[in-house]
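Protein chains: 2
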Amino acid sequence: MFSLSEENYLKAIFHLETAYKSGVSTNALAEEMQTKASSVTDMVKRLSDKDLVNYKKYQGVKLSEAGRNAAIEVIRKHRLWEVFLVDKLGFNWDEVHEVAEQLEHIKSEKLTNELDKFLEFPKRDPHGDPIPDSKGNFSVANRVLLSELEKDETCICVGVKDSSAEFLQYLDKNRISLGKEIRIIEKEDFDQSMLIKMDGNELRISNQISTNLFIKTI
Amino acid sequence: MFSLSEENYLKAIFHLETAYKSGVSTNALAEEMQTKASSVTDMVKRLSDKDLVNYKKYQGVKLSEAGRNAAIEVIRKHRLWEVFLVDKLGFNWDEVHEVAEQLEHIKSEKLTNELDKFLEFPKRDPHGDPIPDSKGNFSVANRVLLSELEKDETCICVGVKDSSAEFLQYLDKNRISLGKEIRIIEKEDFDQSMLIKMDGNELRISNQISTNLFIKTI
DNA sequence: AAAAATTTTTAGACACATCTAAAAAATTGA
DNA sequence: TCAATTTTTTAGATGTGTCTAAAAATTTTT
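Quick note, the sequences are listed as chains A and B, same order.
FYI, the numbering for the first sequence is 33 to 250, going by our numbering.
FYI, the numbering for the second sequence is 33 to 250, going by our numbering.
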């Protein structure tokens with residue numbers, strides 16, 4: 033079994049690998065883990081000793097098969113617990129992250145699978161992210177950022193890239209939630225801000241918002 | 033906040049305090065924690081520095097008000113999670129301990145209280161132990177051990193003292209569960225074994241069994 | 001009340017995960 | 001290309017929680 037810290041590193045490397053195909057740099061990992069580069073080097077060596085990552089000095093780090101499986105298992109638990117908190121305990125989507133960060137480390141295969149069943153095998157968490165099944169498979173969503181779209185296109189909101197409480201609270205305040213239909217009325221060349229129509233109301237959103245909202249076109 | 037280890041020590045001291053009114057000895061605590069007396073001395077000093085226990089060298093340890101509150105909070109979480117596992121996820125009562133030992137350390141007041149509500153404020157866990165409410169109050173059961181009773185008395189099984197998987201599996205195998213009515217047909221002077229009647233069937237149980245079953249008389 | 005046995009504490013060490021400061025390697029760019 | 005900058009690693013230290021071995025205190029036995 034892996035320590036809490038090891039699991040957090042594996043998860044962070046997993047998340048960074050999409051952006052750093054050729055290996056996750058020490059500094060990037062330090063930034064993600066909110067720690068120092070020297071601490072990262074220490075931990076990465078330990079993970080490498082356990083064959084959870086492939087690591088060569090000065091060349092960044094990549095997950096091994098075992099490391100990837102461990103990371104996916106942690107992510108599966110994190111997202112299942114988020115569904116539990118929202119669907120069963122009435123948490124709002126901006127309140128679940130911190131608690132799920134703790135719950136994701138509970139070690140019990142039976143618990144994870146029974147929870148999955150209890151929740152009726154959800155495919156996505158409250159932020160629209162896919163939930164791996166018990167074999168580690170999950171759908172790679174065909175979703176894009178709202179900022180990719182142009183004037184007059186219509187789409188459905190399916191996920192958030194930034195799931196910080198601040199961003200989610202902004203969305204709540206503006207009645208933006210997953211499943212909502214959005215039409216782009218106007219897109220400003222100068223700052224990429226958009227005028228969108230949702231539920232019959234118009235709303236202006238900045239580029240920072242549209243680059244953090246996943247949508248699918250219809 | 034307290035570390036995982038600190039919480040486990042506080043819980044252990046709480047459980048031992050009923051037996052050691054004048055202070056829990058270092059050795060007793062080492063036995064309970066499955067560790068060495070020297071480790072206990074170290075930890076007890078740290079707990080004392082944080083005013084969670086009152087400790088005087090060679091005189092054992094007692095919980096302070098703050099320490100007792102912390103212990104009760106952990107016990108509340110442990111027992112609520114046990115109810116969740118059995119009632120919602122279909123665990124058997126002999127499978128919950130290990131998982132609840134992990135879940136009891138999750139830090140979120142909202143989670144604990146919402147879970148309590150979701151479970152409809154249960155008063156007892158699957159082993160018959162009382163669950164503290166959000167203020168830390170819990171009923172001190174008026175229950176006694178089956179071994180206290182004599183021939184021809186009738187009672188209802190309300191709890192187990194030993195909640196090890198082995199004992200619980202023995203009870204399952206013999207169809208003994210909480211709520212069952214038991215009548216003492218015979219009690220052997222020599223070894224305190226009993227012949228009991230339950231659901232119309234007779235069953236012989238050893239003293240080791242009857243000293244681990246809590247009952248209430250009717 | 002000593003001696004013997006037991007309990008408890010101290011001393012010193014170790015593993016994990018972290019840190020700061022300094023050195024080494026790699027990259028950038030003039 | 002070689003000096004400057006950035007990135008990464010090493011070296012040495014810290015805090016938590018544990019251990020073994022030995023010393024000290026307490027309790028039990030004779």
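Just so it is clear, CB atoms sit at the ideal spot from N, CA and C, and this is done for glycine as well.
Given the structure is predicted, the values throughout are model-derived calculations rather than measurements.
R262 of chain B and K229 of chain B closer than 9 Å at C-beta
One cannot answer for residue 262 of chain B here, as it falls past the ends of chain B, which runs 33 to 250.
Taking Cβ positions only, does G211 of chain A come closer than 9 Å to chain B?
For the purposes of this step, residue 211 of chain A is identified with residue 179 of the first sequence, where counting begins at 1. Closer than 9 Å: no.
Just by C-beta distance, which residues in the region 64-84 of chain A are closer than 8 Å to chain B?
Sequence-ordered contacts of the region 64-84 of chain A with chain B are nonexistent [C-beta pairs closer than 8 Å].
Counting only beta-carbon separations shorter than 9 Å, does L121 of chain B have a partner in chain A?
As a first step, residue 121 of chain B must be located in the second sequence, where it is residue number 89. So yes, L121 of chain B belongs to the interface.
Between the CA atoms of I45 of chain B and D77 of chain B - distance to the nearest angstrom:
Walking along the second sequence from the start, residue 77 of chain B turns up at place 45. Walking along the second sequence from the start, residue 45 of chain B turns up at place 13. The sequence as given places Lys at residue 77 of chain B; Asp does not occur at that position. Cα to Cα, the separation comes out at about 14 Å.
According to a CB-to-CB cut-off of less than 9 Å, which residues of the region 128-143 of chain B neighbour chain A?
Hits within the stretch, in order: E130, V131, Q134, L135, H137, I138, K139, S140, K142, L143.
Taking Cβ positions, are C187 of chain A and I250 of chain A nearer each other than 9 Å?
Here residue 187 of chain A refers to the residue found at position 155 when the first sequence is read from its first residue. Here residue 250 of chain A refers to the residue found at position 218 when the first sequence is read from its first residue. Contact: yes.
I believe L151 of chain B touches F116 of chain B by the beta-carbon criterion, under 8 Å. Please report the beta-carbon distance rounded to the nearest angstrom.
As a working mapping, residue 151 of chain B is identified with position 119 in the second sequence. As a working mapping, residue 116 of chain B is identified with position 84 in the second sequence. Indeed they touch by this definition, with Cβ atoms about 6 Å apart.
DSSP three-state call for F150 of chain A: helix, strand or coil?
What you label residue 150 of chain A is simply residue 118 of the first sequence in a count that begins at 1. If DSSP states are grouped into helix, strand and coil, F150 of chain A belongs with the helices.
By the three-class DSSP mapping on this structure, what secondary structure does E213 of chain A have?
Position 181 of the first sequence, counted from the start, is the residue given in the question as residue 213 of chain A. Correct three-state label for E213 of chain A: strand.
Closest residue to G92 of chain A among A:E234, A:A103, A:L79, A:L135 (Cα-Cα distance)
Along the first sequence, one-based indexing puts residue 92 of chain A at 60. Distances from the CA of G92 of chain A to each of A:E234, A:A103, A:L79, A:L135 were compared; the closest alpha carbon is that of A:L79.
Please confirm if E146 of chain B has its CB atom under 9 Å from at least one CB of chain A.
Numbered from 1 along the second sequence, position 114 holds the residue referred to as residue 146 of chain B. Yes, its Cβ sits closer than 9 Å to a Cβ of chain A.
Based on the DSSP secondary-structure assignment, which residues constitute the bridge partners of Y87 of chain A?
As a first step, residue 87 of chain A is located in the first sequence; it is residue number 55 there, counting from the start. A:V93, per the DSSP bridge assignment.
What separation, rounded to the nearest whole angstrom, lies between the Cα atoms of N239 of chain B and D221 of chain B?
Indexing the second sequence from 1 puts residue 239 of chain B at position 207. Indexing the second sequence from 1 puts residue 221 of chain B at position 189. About 11 Å.
Rounded to a whole number of angstroms, what is the C-alpha to C-alpha distance between H129 of chain B and E64 of chain A?
Position 97 of the second sequence, counting from 1, holds the residue named residue 129 of chain B. Position 32 of the first sequence, counting from 1, holds the residue named residue 64 of chain A. Inter-residue distance for H129 of chain B and E64 of chain A is about 35 Å (C-alpha atoms, whole angstroms).
Check whether the region 104-119 of chain A and the region 35-45 of chain A are in contact - that is, three or more C-beta pairs closer than 8 Å.
The region 104-119 of chain A is in contact with the region 35-45 of chain A.
Taking beta-carbon pairs under 9 Å, can you tell me which members of the region 146-166 of chain B lie near chain A?
So the close ones are E146, L147, K149, F150.
E97 of chain A versus L84 of chain A: straight-line alpha-carbon distance, rounded
On the first sequence, residue 97 of chain A is found 65 positions in, with the first residue counted as 1. On the first sequence, residue 84 of chain A is found 52 positions in, with the first residue counted as 1. Here the alpha carbon of E97 of chain A sits roughly 7 Å from the alpha carbon of L84 of chain A.
Where E119 of chain A and L200 of chain B are concerned, what is the direct C-alpha to C-alpha distance, given to the nearest angstrom?
As a first step, residue 119 of chain A must be located in the first sequence, where it is residue number 87. As a first step, residue 200 of chain B must be located in the second sequence, where it is residue number 168. Going by the sequence as given, residue 119 of chain A is Asp instead of Glu. Rounded to whole angstroms, the separation of the alpha carbons of L200 of chain B and D119 of chain A is 33 Å.
Give the DSSP-derived three-state secondary structure of V172 of chain A in the structure shown.
Counting from one through the first sequence, the residue named residue 172 of chain A turns up at place 140. DSSP places V172 of chain A in coil when its eight states are reduced to three.
Residue interval of the alpha helix (DSSP H) (run including V131 of chain B)
Residue numbering aside, residue 131 of chain B sits at position 99 when the second sequence is read from its first letter. Going by DSSP, V131 of chain B is part of the alpha helix (DSSP H) stretching over 129-135.
Taking Cβ to Cβ, would you say K212 of chain A is nearer than 9 Å to L121 of chain B?
Stepping through the first sequence from its first residue, residue 212 of chain A is reached at position 180. Stepping through the second sequence from its first residue, residue 121 of chain B is reached at position 89. For K212 of chain A and L121 of chain B, no; Cβs fall outside 9 Å.
Sequence-distant residues of the same chain with beta carbon closer than 6 Å to S37 of chain A, five excluded per side
For the purposes of this step, residue 37 of chain A is identified with residue 5 of the first sequence, where counting begins at 1. Excluding positions up to five away in sequence, the list is empty.
Regarding P162 of chain B and the ligand NAP, is the C-beta to nearest heavy atom distance less than 8 Å?
Within the structure as shown, the ligand NAP is missing, as the structure has no ligands at all.
Where do the N-terminal and C-terminal ends of the beta strand (DSSP E) with I163 of chain B fall, by residue?
Taking the second sequence and counting its residues from 1, the one referred to as residue 163 of chain B is at position 131. Where I163 of chain B is concerned, there is no enclosing beta strand (DSSP E), because DSSP gives it neither an H nor an E.
Do you know how far the Cα of L178 of chain B is from the Cα of N244 of chain B?
One-based indexing of the second sequence puts residue 244 of chain B at position 212. One-based indexing of the second sequence puts residue 178 of chain B at position 146. Distance between the alpha carbons of N244 of chain B and L178 of chain B is about 8 Å.
Residue-level contact to chain A via CB, L235 of chain B, 9 Å cutoff:
In the second sequence, counting from the first residue as 1, residue 235 of chain B sits at position 203. Judged by the 9 Å Cβ criterion, L235 of chain B is not in contact with chain A.
Is the beta carbon of V56 of chain B closer than 9 Å to that of K94 of chain B?
Start at 1 with the first residue of the second sequence, and residue 94 of chain B comes out as number 62. Start at 1 with the first residue of the second sequence, and residue 56 of chain B comes out as number 24. At a Cβ-Cβ threshold of 9 Å, K94 of chain B and V56 of chain B count as neighbours.
Got a sec? Which residues, its chain only, sit under 8 Å from A62 of chain B by beta carbon, not counting five neighbours each side?
As a working note, residue 62 of chain B is residue 30 in the second sequence. Shown here for A62 of chain B: same chain residues with a beta carbon closer than 8 Å to its own, the five before and five after excluded, namely K68, A69, S71, V72 in chain order.
Establish whether the CB of K117 of chain A and some CB of chain B are separated by less than 9 Å.
Residue mapping note: residue 117 of chain A aligns to position 85 of the first sequence, counting from 1. What sits at residue 117 of chain A in the sequence shown is Leu, not Lys. Yes, because at least one Cβ of chain B sits closer than 9 Å to the Cβ of L117 of chain A.
Could you compute how far the alpha carbon of E127 of chain A sits from the alpha carbon of E114 of chain A?
The residue given as residue 127 of chain A occupies position 95 in the first sequence. The residue given as residue 114 of chain A occupies position 82 in the first sequence. The alpha-carbon atoms of E127 of chain A and E114 of chain A are separated by roughly 9 Å.
Got a sec? Which residues, its chain only, sit under 7 Å from K219 of chain B by beta carbon, not counting five neighbours each side?
As a working mapping, residue 219 of chain B is identified with position 187 in the second sequence. So the qualifying residues of the chain are E182, K183, M226.
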